[in-house]
Every structure is written in structure tokens, then in C-alpha cells.
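Reading through the C-alpha cells given below for one structure.
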Amino acid sequence: GAVVSQHPSRVICKSGTSVKIECRSLDFQATTMFWYRQFPKQSLMLMATSNEGSKATYEQGVEKDKFLINHASLTLSTLTVTSAHPEDSSFYICSAWTGSYEKLFFGSGTQLSVL
Amino acid sequence: AQSVTQLGSHVSVSEGALVLLRCNYSSSVPPYLFWYVQYPNQGLQLLLKYTSAATLVKGINGFEAEFKKSETSFHLTKPSAHMSDAAEYFCAVRSSGNTGKLIFGQGTTLQVKP
């Protein structure tokens, strides 16, 4: 079946550094990818929607300069947390949409810890 | 706008007992509804989905859900709980348009006691 690979699964970084998270669709082309953020024991909050070759659409309250999203190809989207701070520590999950086939697949998530 | 509400953030059942996780939705258009399961530090796995076909939807691992328009509900059930069912469960509704954008409920933690 279709698989979405998200990497890394866990990252620890120092405050002020930038962290890049990759989301790849391994055997299908994803017309749209979504990035979610999840705090412990809470639900998934949509951060942004990215379409290949165009600028991401951010949800209200999400800082686009803080969370840079690039969707350069139909199989890869990246989320870069710039100048990370401890409050950015969270679980980040991506999902990939197949478009006309109407299938949605989730990555396994990335646990970000900022010290 | 679409939304879902999960009633009960924590549900505890004994092994072998009925599992019932509640979800109510609000939608201005016929909804597409989903149930996902999440194990600790993992992504989401689709249990089942309703896409306006049969109102009783069967999913994986013995789960099923019934769409009731009159009650705006989509509750998840399983006749007999297993220890391995202990996880976080999310109900979700597809946002308007054919985009794969989902709106999630608050989640329900299922605890299964031996």
C-alpha cells in the first residue's frame, strides 16, 4: 500500500537552531500535503496546506516565517522550524493527499524537542 | 464549516467488553467522516471512513461505526475489546472541498483493563 515516510522520527536541538522535517510519498504523487502539530494528549492542529510548486497556505495563528514549508516536487514536502525555541517542542505529523484517487496517508510523525 | 466533537476524553473498559467511542459532527454539506487510531509517538492509522454509501461502516481490527444523520453522530464500536486496542482515537471530518484536509476531534484515550 501507499506509504508516507517522515524523517527524522525524533530530533533534539538547541534553542536558536533550525530544524528541517521531510515528508515523502514513496509510491504515489501527492498533489497536496498537510502539516499538523500535536501537543501531548491533545488533538492534531492543522498548521498549513502545501501544494506542489506553489506557496503554502497557513492556518490562522501559524507564523509562516517561523514554519517554512516547501513542496518542491510531487513526492516531497519539507517543514523547517526556524530559530527553534522550547515552545516549539511538539509532535509534527504530515499527511499526503493523492488527489483524484481521494486517498490520504499519514507519516509516522516527528518528535521535536528544543532545549 | 465542519467540526467534530468527541464526547469523553478518556474511556476505560475491561478486556472483552464493548467499546463505544462517541463522535458528533457538524457540517453544512453531506460529511465525509473518519476514525483514526494513534499509538504512542506514531502517526495515524485509518480505521474506517464514511463517504455517503452504507451508513454502517466496517473497518479494520473489528471496529465499525454507524452514521446517523438524525443524531449527527458517527460513534465507533467494537464488540469485544483487546488489550492491543489501548490507544488514542480520533474522529475527523473532511473539510469542504475535495482536498484531503481533515478537521480532527479532541481525541479519546481508550484504556483496556485486564
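Chains A and B are the protein sequences, given in the same order. So that you can map any letter, position 99 of the first sequence is 99 in my numbering, and since no number is skipped, the others follow by simple counting. To convert, take the position in the second sequence, counting from 1, and add 1000; that gives my numbering. Ideal placement from N, C-alpha and C gives every residue a C-beta, glycine not left out. This one's a predicted model, so the numbers in the text were calculated from it and none came from an experiment.
Simplified DSSP assignment, three categories, for residue i
i: E102(A); result: coil
i: S1014(B); result: strand
i: S1084(B); result: helix
i: E59(A); result: coil
i: E1071(B); result: coil
i: E22(A); result: strand
i: E1064(B); result: strand
In DSSP terms, what residue i is bridged to
i: K1113(B); result: S1014(B)
i: L1046(B); result: Y1036(B)
i: F34(A); result: T49(A), S95(A)
i: N1009(B); result: It is Ser, not Asn, that sits at residue 1009(B) in the sequence shown. BP columns for S1009(B) are empty, so no partner.
i: T78(A); result: E22(A), N70(A)
i: H7(A); result: E22(A)
i: T110(A); result: Y92(A)
i: N1024(B); result: T1005(B), S1073(B)
i: F1090(B); result: Y1036(B)
Contact set between residue i and chain A, taken where Cβ atoms lie within less than 9 Å
i: G1105(B); result: S43
i: N1041(B); result: S9, R10, F91, S108, G109, Q111
i: F1090(B); result: S43, L44
Where residue i meets chain A, residues with beta-carbon distance less than 7 Å
i: T1108(B); result: None at all; the shortest Cβ gap to chain A is about 10 Å.
i: L1018(B); result: In chain order: nothing, as chain A lies at least about 24 Å away.
i: L1076(B); result: Under the 7 Å cutoff, chain A gives no residues; its nearest Cβ is about 16 Å from L1076(B).
Cβ distance (whole Å) where residue i is taken to contact residue j below 8 Å
i: L1033(B); j: Y1025(B); result: 6 Å
i: L1044(B); j: F1090(B); result: 7 Å
i: T110(A); j: V11(A); result: 7 Å
i: Q1006(B); j: G1107(B); result: 6 Å
Neighbouring residues, chain B, relative to residue i (Cβ below 7 Å)
i: W97(A); result: T1099, G1100
Partner residues on chain B for residue i, Cβ-Cβ distance less than 9 Å
i: T78(A); result: Those do not exist, as T78(A) stays about 17 Å from chain B at its closest Cβ, beyond 9 Å.
i: T75(A); result: Under the 9 Å cutoff, chain B gives no residues; its nearest Cβ is about 16 Å from T75(A).
i: T32(A); result: T1099, G1100, K1101
i: L68(A); result: Simply none; closest approach about 20 Å.
Proximal chain A residues relative to residue i, where beta-carbon distance stays under 8 Å
i: L1021(B); result: Per Cβ cutoff of 8 Å: no residues; L1021(B) is ~14 Å from chain A at best.
Neighbour list for residue i in chain B, Cβ cutoff strictly below 8 Å
i: T49(A); result: T1099, K1101
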